[in-house]
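Using the working numbering, you'd call the opening residue of the sequence shown number 162 and step up by one each time. In this text, a Cβ means the ideal position worked out from N, Cα and C, and glycines have one as well. Step one of this worksheet: look at the structure below.
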Amino acid sequence: YLYNLCFLDRALAPADWERMSRQQPPRAVEEFVEQSRRFESGDLPIVEAPDLASELTTGEVVHHISYPVFIEDGYLPGARADSGRLYVTNHRLLFCTAGSCSSFPYADMEKLEQEYPGFYVEFSGEHVLHRFFPPALDPVYAAAVGAFRSFGKTKTVR
């Protein structure tokens with residue numbers, strides 16, 4: 162369960178390190194697999210995200226929240242590395258830190274692909290990968306795939 166931690170040394174507080182490094186019980190793995198299957202098939206719950214209300218557009222709902230998530234991307238000059246919350250909505254992925262939110266709309270995504278120990282998204286016309294590293298046993302990738310497919314995208318999902 163420590164495989165994600167090697168990417169996070171400059172982004173997590175000591176309490177986060179301790180929480181993520183604890184041994185997970187076998188039932189947690191079963192729940193993760195079951196939840197991932199449901200999410201990937203498009204069976205996505207609607208969850209409350211009151212802290213995000215001002216960022217959501219009309220008709221947009223949140224399906225999953227993952228925290229802490231580490232991001233590496235070259236979207237900004239000089240490649241950004243940060244940690245924050247990743248929200249999976251019916252329109253986009255939304256990555257929020259204490260000071261700002263970055264939007265990754267499904268309509269513009271060319272590729273959504275799992276890459277151990279996280280996943281990445283790529284956009285049409287961009288030659289930059291946006292890599293996300295969620296906590297272990299968090300089905301955020303499955304939720305993103307389910308939402309991406311439900312949005313009607315037929316492009317690459319692996």
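Note to self: In the DSSP output, what is T258 paired with across the bridge?
What the structure shows: According to DSSP, T258 bridges with nothing at all.
Item checked: Span of the beta strand (DSSP E), counted from its first residue to its last, around F294 -> H291 to F294
Margin query: Pull the bridge partners of Y277 from the DSSP assignment, please.
Written below: Answer is none; Y277 lacks a bridge partner.
Notebook entry, point to check: What did DSSP end up calling P211 once you bin it into helix, strand or coil?
Noted result: helix
Checklist line | Cutoff 7 angstroms; reference F224; Cβ partners in own chain excluding five residues on either side | finding: Just to set this straight, residue 224 is His in the shown sequence, not Phe. Answer for H224: L205, P206, I207, V208, V249, T250, N251, A304 and A308, listed in chain order.
Next item on the list: Using the Cα positions of A242 and F293, report the straight-line distance between them to the nearest angstrom.
Entry: Spanning the two alpha carbons is a distance of roughly 10 angstroms.
Check: Beta carbon of S227, beta carbon of L247: below 8 angstroms?
Finding: yes
Notebook entry, point to check: Just the Cα atoms here: how many angstroms apart are G203 and A176?
Noted result: 33 angstroms
Notebook entry, point to check: For the alpha helix (DSSP H) that contains Y302, what are its first and last residues?
Noted result: V301 to S311
Next item on the list: Could you check which residue in G286, R310, V306 and S215 has the C-alpha nearest to that of S102?
Entry: In the structure as shown, the chain starts at 162 and stops at 319, and residue 102 therefore has no counterpart that could be examined.
Next item on the list: Specify the secondary structure class of S227 as computed by DSSP and reduced to three states.
Entry: Strand at S227.
Notebook entry, point to check: Does the beta carbon of E271 fall short of 7 angstroms from some heavy atom of the ligand FAD?
Noted result: Absent from the structure shown: the ligand FAD. Ligands present: none.
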